[in-house]
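Student:
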Amino acid sequence: MSFGFRKKPRFLSPSARLSENDVTDERLFNRRRHFIKAGAALSMAAYLPQLALSATDKPADKYADAQTTYSLDDEPNSYDDITSYNNFYELGYSKSDPLDNAALLPLDPWSVEIAGECAKPGTYTLEDILKPHDFEERIYRLRCVEAWSMVVPWIGFSLGDLLKRFEPTSKAKYVAFETLYDEKKPLPGQRRNVLQWPYREGLRIDEAMHPLAFMVTGLYGQPLPAQNGAPLRLMVPWKYGFKSIKSIVKIHFMENEPQTSWNLSAPSEYGFYANVNPSVNHPRWSQNRERVIGKFFKQDTLMFNGYADDVASLYTGMDLKKYF
Ligand SMILES: Nc1nc2c(c(=O)[nH]1)N[C@H]1C(S)=C(S)[C@@H](COP(=O)(O)O)O[C@H]1N2
Ligand SMILES: [Mo]
133 MSFGFRKKPR FLSPSARLSE NDVTDERLFN RRRHFIKAGA ALSMAAYLPQ
183 LALSATDKPA DKYADAQTTY SLDDEPNSYD DITSYNNFYE LGYSKSDPLD
233 NAALLPLDPW SVEIAGECAK PGTYTLEDIL KPHDFEERIY RLRCVEAWSM
283 VVPWIGFSLG DLLKRFEPTS KAKYVAFETL YDEKKPLPGQ RRNVLQWPYR
333 EGLRIDEAMH PLAFMVTGLY GQPLPAQNGA PLRLMVPWKY GFKSIKSIVK
383 IHFMENEPQT SWNLSAPSEY GFYANVNPSV NHPRWSQNRE RVIGKFFKQD
433 TLMFNGYADD VASLYTGMDL KKYF
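Just so you know, the sequence shown maps onto residues 133 to 456 in the working numbering.
1. Per DSSP, what kind of secondary structure is Ala296 in: helix, strand or coil?
2. Can you tell me whether Gly438 is buried or exposed, with buried defined as 16 or more other CB within 10 angstroms of its CB?
3. For Ile271, which three-state DSSP category applies?
4. Along the chain, which unbroken stretches of the alpha helix (DSSP H) at least 4 residues long are found entirely within the stretch 348-404?
5. Less than 9 Å separating the beta-carbons of Tyr195 and Gly353?
6. Among the residues of its own chain, which have a CB less than 6 Å from the CB of Pro410, if the five just before and after it don't count?
7. Is Met523 a contact residue of ligand 1, with contact defined as CB to any heavy atom under 8 Å?
8. Exposed or buried, what is Phe348 when buried is set at 16 or more other beta-carbons lying within 10 Å of its beta-carbon?
9. Return helix, strand or coil for Pro230, following the three-state DSSP convention.
10. Quick one, which of Leu356, Cys250, His384 and Tyr455 has its alpha-carbon nearest Lys378's?
11. Taking the alpha carbon of Lys427 as the point to measure from, which residue in Ala198, Glu207 and Ser203 has its own alpha carbon closest?
12. Quick check: does the Cβ of Phe374 come within less than 8 Å of any heavy atom belonging to ligand 2?
13. So is the beta-carbon of Asn219 under 8 Å away from any non-hydrogen atom of ligand 2?
14. Bridge partners of Asn407, per DSSP?
15. Using 8 Å for Cβ pairs, my map puts Met282 next to Asp197. What's the rounded Cβ distance?
16. Using the C-alpha atoms, what's the distance from Thr215 back to Lys227?
17. Looking at the structure shown, is Phe436 part of a helix, part of a strand, or coil, going by DSSP?
18. Can you name, in chain order, every residue of its own chain whose Cβ lies under 8 Å from the Cβ of Asp338, other than the five neighbours on each side?
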């Protein structure tokens with residue numbers, strides 16, 4: 133596996149990848165914002181690997197061969213934007229620190245501890261974790277609570293598909309995640325108690341099992357760079373970016389709502405749910421609009437970050453001003 137950076141990633145724009153790219157009617161517009169039809173994905177999958185093999189004779193590359201299963205209409209940000217403007221406090225507090233300190237993340241070997249309310253707890257190597265999953269590409273918007281956003285072509289697989297392998301029990305109402313932390317060898321940002329380390333996040337089990345919740349292991353058709361949370365990070369596109377925890381070493385099935393890092397450090401500013409909501413302002417700034425990295429004009433922030441059709445039903449009957 134190589135974590136090197138390729139300056140000019142090999143990537144087709146979403147419109148070039150979609151066979152219907154010459155059609156622009158409203159039906160297509162709507163469909164492209166949702167899962168690309170299962171039938172189309174299947175026939176593509178059946179056809180492309182064979183073609184790739186006979187044409188190049190190369191072994192399958194799960195990253196490069198990942199098929200796009202979900203795409204926004206927005207053009208993705210550049211590889212440089214996505215990998216040089218980061219929040220990853222373990223690697224430093226300014227946006228350029230994670231790239232500068234990327235080599236300090238100890239990636240090899242990597243394992244993930246599975247604990248709590250499930251039939252198959254244990255410590256799994258990264259290889260064990262990744263092996264059974266086909267990789268997909270999903271082009272999602274990432275909306276940071278700091279009021280900026282980017283569009284990223286992630287590579288990964290459904291979080292629910294991973295979690296089901298460990299057979300959560302009926303008591304597993306929540307799932308908690310932790311990022312690496314070694315007290316004896318702290319990463320640069322972990323020498324200060326800006327957050328209580330390790331970085332912790334969590335989801336309600338039905339949120340975690342939602343088909344949009346994504347376990348990310350790459351971007352732009354390549355393994356994930358350290359600064360973006362290698363080798364394994366969450367992407368929960370309808371929530372503020374801080375929910376999408378990076379460099380995961382522990383997954384814990386729990387009966388009660390887990391503690392989460394940002395909520396612990398500032399409970400009046402960062403809730404457990406943290407669903408993107410333009411009508412609930414951060415106590416210190418508005419959440420109504422966002423700066424898109426690489427664009428001049430700000431744009432309106434959308435309810436659930438634009439994924440309301442897919443996820444609003446998870447929160448029926450909940451007061452979203454109270455459960456922010
Ligand atoms: N472990 C860990 N995960 C983290 C963070 C962090 O500081 N530490 N920052 C979060 C925040 S605030 C955001 S916006 C996203 C940024 O992801 P990106 O750098 O890949 O764009 O990662 C999230 N995951
Ligand atoms: Mo963020």
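Quick reminder that beta carbons are idealized off the backbone N, C-alpha and C, glycines included.
Tutor: In terms of the structure at hand:
1. The question names Ala, but residue 296 is Lys in the sequence shown. In this structure, Lys296 counts as helix in the three-state DSSP scheme.
2. buried
3. strand
4. 393-397
5. yes
6. Gln419, Asn420 and Thr433
7. The chain is shown from 133 up to 456; residue 523 falls before or after that span and cannot be answered.
8. Per the sequence presented here, residue 348 reads as Val, with Phe not at that position. That one is buried.
9. helix
10. Leu356
11. Glu207
12. yes
13. yes
14. Lys371
15. In fact, because the Cβ distance is near 24 Å, the residues do not count as touching under 8 Å.
16. 10 Å
17. helix
18. Leu446
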